[in-house]
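Step one of this worksheet: look at the structure below.
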Ligand SMILES: [Zn+2]
């Protein structure tokens, strides 16, 4: 029996950003219960975890939209450049999926990156 969800969201574990991540998810009109949530140090800038979870979310849950985030002041060292690299990895590996990416700020805002 297949378990399908529409989206997979990658974000950092950092507690300071959880409310903002939730606001971003809500703004994208992604319903609770329709996404895999990957919360790891560095978010989408954690390439090892990114690749592992992209493989699983597409294989197990057929997530069509992949939402990648990295945030400002990341203690795990993820940067805006890492987010751009993550976009490349996701688009190259899963060209049939929609990739959206956001750089998230400490002030509770975010910027879409492509
Ligand atoms: Zn972080």
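In my numbering, the protein residues as written are 23 to 136.
The beta-carbon is built from N, C-alpha and C at its ideal position, and this holds for glycine as well.
- Message: ligand 1 and residue 137: does any heavy atom of the ligand fall closer than 7 Å to the residue's C-beta?
- Response: For residue 137 there is no data in the structure shown, the boundaries of the chain being 23 and 136.
- Task: Spell out the partners DSSP gives residue 58 in its beta bridges.
- Result: Bridge partners of residue 58: 30.
- Alpha carbon of residue 42 to alpha carbon of residue 131, nearest angstrom: Inter-residue distance for residue 42 and residue 131 is about 7 Å (C-alpha atoms, whole angstroms).
- Message: DSSP three-state label for residue 101, please.
- Response: In the structure shown, residue 101 adopts coil according to DSSP, grouped into three states.
- By DSSP, does residue 25 sit in helix, in strand, or in coil? Three-state result, residue 25: coil.
- Message: Give me the residue from 91, 25, 80 and 60 with the minimum Cα distance to residue 115.
- Response: A check of alpha carbon separations from residue 115 across 91, 25, 80 and 60 identifies 80 as the nearest.
- By Cβ distance, which residues of its chain are closer than 6 Å to residue 135, with the 5 residues on each side in sequence left out? Its chain contains 105, 123 and 125 as the residues whose beta carbon lies nearer than 6 Å to that of residue 135, once the 5 sequence neighbours on both sides are disregarded; these appear in chain order.
- Would you tell me roughly how many angstroms separate the C-alpha atoms of residue 137 and residue 121, rounded to the nearest one? No answer is possible for residue 137: it lies beyond the span of the chain, which begins at 23 and ends at 136.
- Message: Is residue 123 near ligand 1 - that is, is its Cβ less than 7 Å away from at least one heavy atom of it?
- Response: Between ligand 1 and residue 123, a heavy atom-to-CB distance of less than 7 Å is absent.
- Message: Just verifying my parser: in three-state terms, what is the DSSP assignment at residue 48?
- Response: Three-state DSSP puts residue 48 in a helix.
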